[in-house]
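Letter by letter, the sequence shown follows residues 968 to 1122 in this note's numbering. Each residue gets a CB set at the ideal place from its N, CA and C atoms; glycine is no exception. Presented below is the structure to which this report refers.
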Amino acid sequence: KGIVYSDIKNKHEDVRNSLGEELSIIQGNEPNTVTFLIPCKQRDVIYLKELLENEEFQQFAADNPLPFCCGVDMYNQLVLKCLTNAPHILVAGGTNSGKSVWMNAILITLILLRSPSDLRLFLIDPKKVEFMQYKGFSHVEEVITEMDKAIKTLD
């Protein structure tokens, strides 16, 4: 109380020096608070099963047609999204950063939550690596590996 946000921002370098850590300062999620972001030295493992069994996700899934969970934010809150509100997603990152794991988590979530009559998937996998394991699933119409066929399917 009594300290202005801009005063804290101005002292950013001093705080960083005294901690000896890289850090960012942002406005807190409650009035008159500040959040210090200090990178974790060790990541936590977040299991998809725990996310899907979470009551908050269950309610979100009931209210949204194509729900999925992006993970947990810095406040330990679920980050929930629906594909109908985000029809285009760019998944980017370096090698072994978790892109494939995340894509598979979305697919598994949708397959578990929706029936084949409500969800039809056409998976495009030109490298024949990412989605071949879904071949034969009742929700998957086809796993397309040829780009000419992918273009025709999308058309």
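Residue pairing by DSSP leaves P998 without any beta bridge partner. Each residue's CA atom was taken as its position, placing A1028 and K1048 some 9 Å apart. The alpha carbon of L1018 has as its nearest neighbour, out of V1107, W1069, Q1100 and K1095, the alpha carbon of W1069. In the DSSP assignment, E1109 forms a beta bridge with F1089. Burial check for I1111: the Cβ neighbour count within 10 Å reaches 16 or more, so the residue is buried.
Three or more beta-carbon pairs separated by less than 8 Å are not found between the region 1040–1047 and the region 1071–1083, which leaves the two stretches without contact. In this structure C1007 is exposed. Its beta-carbon is surrounded by fewer than 16 other beta-carbon atoms within 10 angstroms.
In the DSSP annotation of this structure, the continuous segment of the beta strand (DSSP E) that includes K1048 starts and ends at L1045 to C1049.
Listed in chain order, the alpha helix (DSSP H) runs fully inside the region 989–1038 are 1015–1020 and 1022–1030, counting runs of at least 4 residues.
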